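Taking it in order: structure first as structure tokens, then the write-up.
Below you can see the structure in the form of structure tokens.
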């Protein structure tokens, strides 16, 4: 085995753990925190509740809520200016992947200067970031655990992957109570995002025993609790999905992802499609494409997802992919690319962009932009 | 599930990863490192090799090698004085549990003042410690991962458990090449220590899904590779045992331990018995004692260790304990308490001391000092 690295934040996990936010920020030296969230979380009351916790601990705060799904480069620049002019010292993010990634972008630009575009790719951040405490309110993106931040370059219409160990937050506070105020559709699509993280990281060319056990745990939990979540969002189910998302993020942050994420970043940059909507469409055809390069592992996945072992590894792997597709259909998810894209005019361009994404590097089977076109045609 | 915490260091794992030590220390701000190791590692050449790496990166260093197995309070005081007088800024430990625990003790006293005895128990350390980079040379203690340090109070003849999140090193560099220069007997007894960590943390009252998956992985790896290691210390085997030890440490650091460790700390404090020699003696009787309180989990352990499932959970659990005992015997390990203690005069005193140990708190079945006496009598 080559030398592998494994880095995760300190994790505080459980019902009501949100109440520790101020203590955590204080421990990291906070006097004035920079809180990033979004209008949805303001409306449902979580932002106020968090501000109450900060104030109860005599922490000053600045609020930044100018964040949309697939956060934009210009929003990062605005946030960084506010952070600096207010002389904040610790970044807190409350939200799904978008507010968390926006918070990371703001932390980068505020501490390292320049523009967010300067940091696209791996290991481009050289100066320390402000301490970060993240509270994920969906169970899927894993941004509270990972060294990834995905920011949309609005001029090029592309989602930039920014990867650096310094993007791992100091503390992740994972409170499943947040999920109770989320619509079922979002809970389900976030769980599929976590599943996609788990599957892609498990077959990644740089997976290690430390990431593999997290990936498998996440696959097992999503396969078990996704059908339950479709019927009832009980707290035990939400807690299990939060555990799955956290485990999947520990895995992908350290093992990387693959072609599903490369394509989904390209699609999200060009069409502003919700990230969670891309996985049910792309996961099965990419798994079929990758199968020959990692048959043992695809059979392990197949066995967990289908609950069955067939005579050959290949048929067990295929059984898993079929079960997955049936599961997506039974959840009324869109499983054809034509259902989420307006037309097929830009497939080639999309694939030429996707092949530049850093996620391609860890895909288990070497892949060209032409392979991606074939995958998209299969998914169309 | 209650609120749980999960904190581990950044991990760099793999053959030859020792070479990253200087870069890691630099990243943590080092100009003059305080290197803790022991005479055994000096002799075999690893201390010189590490110093060469530091010097090649223009790092100043101070060496402290006055460490014995079951490190003593007075050694900690000496080390802390040296650290302060030399104005070192980062602590590096190279060794098994003893040099690593000594390094933690030195870091505590150097930064928090007073005497090491002031910090016995949980959460007594209030000021930040110097950054720490640890290189474990045995696969068992887990001190490079954990928030535990065990230091012998020579006056009271007791091993003090010191537990604090700040005792988690910043970076753990786990290089399986170190194990190649270790005698087989030490490799095996360290692996049993890791197994004991994995089993006790798995059934701990504060185990969480994050620690349980690590515990199970460690149990699986030790059960698989211990018999292999008894025959041949190939690098793949050593790497697997290192993985097991690391996973077990992630688990016990966050879930705690149980009665085996409480007793082994008391025995190690009074008789200076090697920590690794106590587990083959105590693990089976403590597992039998705990069984009724955690039958599901003991059956899971039994199934992994014996590779078989019996008709009832209880018989599967017992099968596991029996298989374990047979494994210890086949490895020529001592499995009776009378083989490692000079006499049975102090059993009651030992058990009255053990019941004070913080590890008792997380034991799955409530335990009194009289229960411990019965366990010792069974093991005698």
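Protein chains in written order, with the working numbering: chain A, 675 to 1054; chain B, 675 to 1054. Every residue gets a Cβ at the ideal spot worked out from N, C-alpha and C, and that includes glycine. None of these values were measured; they are calculated from a predicted model.
Inset, instruction - Return the CA-CA distance between residue 684(B) and residue 799(A), expressed in angstroms with no decimal places. - result: For the purposes of this step, residue 684(B) is taken as residue 10 along the second chain, with counting starting at 1. For the purposes of this step, residue 799(A) is taken as residue 125 along the first chain, with counting starting at 1. Between residue 684(B) and residue 799(A), the C-alpha separation is close to 18 Å.
Legend entry - Backbone secondary structure at residue 717(A) - three-state DSSP: By 1-based counting over the first chain, the position of residue 717(A) is 43. The answer is helix: DSSP assigns residue 717(A) an H, G or I state.
Legend entry - Close-in-space but distant-in-sequence residues of the same chain around residue 878(A) (CB under 6 Å, 5 per side omitted): The residue you call residue 878(A) lines up with position 204 of the first chain. The residues are 929, 930 and 1036.
Inset, instruction - Note down, one range per segment and in chain order, each alpha helix (DSSP H) of at least 4 residues found wholly within the segment 955-1016 of chain A. - result: 969-980 and 987-1004
Legend entry - Buried versus exposed call for residue 731(B) [16 or more other C-beta atoms within 10 Å across all chains shown]: As a position in the second chain, residue 731(B) is number 57, starting the count at 1. Flag for residue 731(B) reads exposed.
Inset, instruction - Check the Cβ-Cβ distances between residue 806(A) and every residue of chain B, and say whether any is below 8 Å. - result: Counting from one through the first chain, the residue named residue 806(A) turns up at place 132. Not closer than 8 Å to any Cβ of chain B, the Cβ of residue 806(A) fails to qualify, so no.
Legend entry - Nearest-angstrom Cα separation, counted from residue 767(A) out to residue 815(A): For the purposes of this step, residue 815(A) is identified with residue 141 of the first chain, where counting begins at 1. For the purposes of this step, residue 767(A) is identified with residue 93 of the first chain, where counting begins at 1. Roughly 13 Å between the two C-alpha positions.
Inset, instruction - Check each candidate in 771(B), 867(B) and 801(B) and name the one with the smallest Cα separation from residue 822(B). - result: What you label residue 822(B) is simply residue 148 of the second chain in a count that begins at 1. Of the candidates 771(B), 867(B) and 801(B), the residue whose Cα lies closest to the Cα of residue 822(B) is 771(B).
Legend entry - Supposed contact pair residue 832(B) and residue 943(B) - C-beta distance, whole angstroms, cut 8 Å: Counted from its first residue, the second chain places residue 943(B) at position 269. Counted from its first residue, the second chain places residue 832(B) at position 158. Indeed, because the Cβ distance is near 4 Å, the residues count as touching under 8 Å.
Legend entry - Proximity to residue 975(B) [Cα-Cα], best of 902(B), 894(B) and 941(B): As a working note, residue 975(B) is residue 301 in the second chain. Taking only the C-alpha atoms, the option nearest residue 975(B) is 894(B).
Inset, instruction - Could you tell me whether any Cβ in chain A is nearer than 8 Å to the Cβ of residue 684(B)? - result: For the purposes of this step, residue 684(B) is identified with residue 10 of the second chain, where counting begins at 1. Chain A contact via Cβ: present.
Legend entry - Beta-carbon proximity check, residue 790(B) vs residue 803(B), cutoff 8 Å: Your numbering for residue 790(B) matches position 116 in the second chain. Your numbering for residue 803(B) matches position 129 in the second chain. It is not a contact, given that the beta carbons lie outside the stated cut-off.
Inset, instruction - With 8 Å as the threshold, decide whether the Cβ of residue 811(A) is near any Cβ in chain B. - result: One-based indexing of the first chain puts residue 811(A) at position 137. Chain B contact via Cβ: absent.
Inset, instruction - Just tell me which of 741(A), 926(A) and 961(A) has its CA closest to the CA of residue 988(A). - result: On the first chain, position 314 is the one that residue 988(A) refers to. It is 961(A) whose Cα lies nearest to the Cα of residue 988(A).
Legend entry - residue 845(B) and residue 779(B) closer than 8 Å at C-beta: As a first step, residue 845(B) is located in the second chain; it is residue number 171 there, counting from the start. As a first step, residue 779(B) is located in the second chain; it is residue number 105 there, counting from the start. No, they are not a contact pair.
Legend entry - For residue 1044(B) and residue 912(A), the rounded distance between their alpha carbons: Translated into positions along the first chain, residue 912(A) becomes position 238. Translated into positions along the second chain, residue 1044(B) becomes position 370. Taking the straight line joining both Cα atoms gives about 43 Å.
Legend entry - the segment 963-972 of chain A touching the segment 916-927 of chain A, judged by at least three CB pairs closer than 8 Å: no
Inset, instruction - State yes or no: is the C-beta of residue 997(A) within less than 8 Å of the C-beta of residue 1021(A)? - result: Start at 1 with the first residue of the first chain, and residue 997(A) comes out as number 323. Start at 1 with the first residue of the first chain, and residue 1021(A) comes out as number 347. For the 8 Å CB-CB criterion, residue 997(A) and residue 1021(A) do not form a contact.
Legend entry - Proximal chain B residues relative to residue 678(A), where beta-carbon distance stays under 7 Å: The sequence position of residue 678(A) within the first chain is 4, counting from 1. Near residue 678(A) (Cβ distances below 7 Å), the residues of chain B are 687 and 688.
Inset, instruction - Say whether chain E places a C-beta atom closer than 8 Å to the C-beta of residue 815(A). - result: Of the protein chains in the structure, A and B, none is chain E.
Legend entry - Per-residue burial, residue 703(A) [other beta carbons within 10 Å of its own, 16 or more giving buried]: By 1-based counting over the first chain, the position of residue 703(A) is 29. Per the 10 Å Cβ criterion, exposed.
Legend entry - Own chain partners of residue 752(B) with C-beta closer than 7 Å, once the 5 adjacent residues on each side are dropped: Here the question's residue 752(B) lines up with position 78 in the second chain. Result list for residue 752(B): 740, in chain order.
Legend entry - Boundaries of the alpha helix (DSSP H) in which residue 911(A) is found, first to last residue: Position 237 of the first chain, counted from the first residue, corresponds to residue 911(A). Residue 911(A) -> alpha helix (DSSP H) spans 909-929.
Legend entry - Proximal chain A residues relative to residue 646(B), where beta-carbon distance stays under 8 Å: The first residue shown for chain B is 675 and the last is 1054, placing residue 646(B) beyond what the model contains.
Legend entry - residue 897(A) versus residue 784(B) - alpha carbon distance: Position 223 of the first chain, counted from the start, is the residue given in the question as residue 897(A). Position 110 of the second chain, counted from the start, is the residue given in the question as residue 784(B). Using only the alpha carbons, I get a separation of about 50 Å.
Legend entry - Residue range of the beta strand (DSSP E) that includes residue 848(B): Numbered from its first residue, the second chain carries residue 848(B) at position 174. Counting along the chain, the beta strand (DSSP E) containing residue 848(B) begins and ends at 845-848.
Inset, instruction - Tell me where the beta strand (DSSP E) around residue 890(B) begins and ends. - result: On the second chain, position 216 is the one that residue 890(B) refers to. Looking at the DSSP string, residue 890(B) is not in any beta strand (DSSP E); the run it does join, the alpha helix (DSSP H), is 883-905.
Legend entry - DSSP three-state assignment for residue 799(B), whether helix, strand or coil: Indexing the second chain from 1 puts residue 799(B) at position 125. Three-state result, residue 799(B): coil.
Inset, instruction - Pull out every residue of the segment 825-857 of chain B whose Cβ sits closer than 8 Å to any Cβ of chain A, in chain order. - result: 839
Legend entry - Residues sharing a beta bridge with residue 707(B), DSSP: Along the second chain, one-based indexing puts residue 707(B) at 33. Its beta-bridge partners are 735(B) and 764(B).
Legend entry - Proximity winner among 1047(B), 700(B) and 737(B), relative to residue 716(B) (alpha-carbon distances): As a working mapping, residue 716(B) is identified with position 42 in the second chain. Each of 1047(B), 700(B) and 737(B) was checked against the Cα of residue 716(B), and the nearest Cα belongs to 737(B).
Legend entry - With 16 other Cβ atoms within 10 Å as the buried cut-off, status of residue 728(B): Start at 1 with the first residue of the second chain, and residue 728(B) comes out as number 54. With 16 or more other Cβ atoms within 10 Å, it is buried.
Legend entry - Burial state of residue 885(A), where buried means 16 or more other Cβ atoms lie within 10 Å: Position 211 of the first chain holds residue 885(A). Residue 885(A) is buried by the Cβ-count criterion.
Inset, instruction - Starting from the C-beta of residue 1049(A), find all residues in its chain whose C-beta is less than 8 Å away, skip the five residues before and the five after it, and write them out in chain order. - result: Counting from one through the first chain, the residue named residue 1049(A) turns up at place 375. Hits under 8 Å: 933, 937, 956, 959, 960 and 963.
Inset, instruction - Using a Cβ cut-off of 8 Å (strictly closer), state whether residue 919(B) contacts chain A. - result: Looking up residue 919(B) in the second chain gives position 245. False, the Cβ-Cβ gap to chain A never drops below 8 Å.
Inset, instruction - Pull up the distance between the alpha-carbon of residue 763(B) and that of residue 941(B), whole angstroms please. - result: Taking the second chain and counting its residues from 1, the one referred to as residue 763(B) is at position 89. Taking the second chain and counting its residues from 1, the one referred to as residue 941(B) is at position 267. Residue 763(B) and residue 941(B): Cα-Cα distance of roughly 35 Å.
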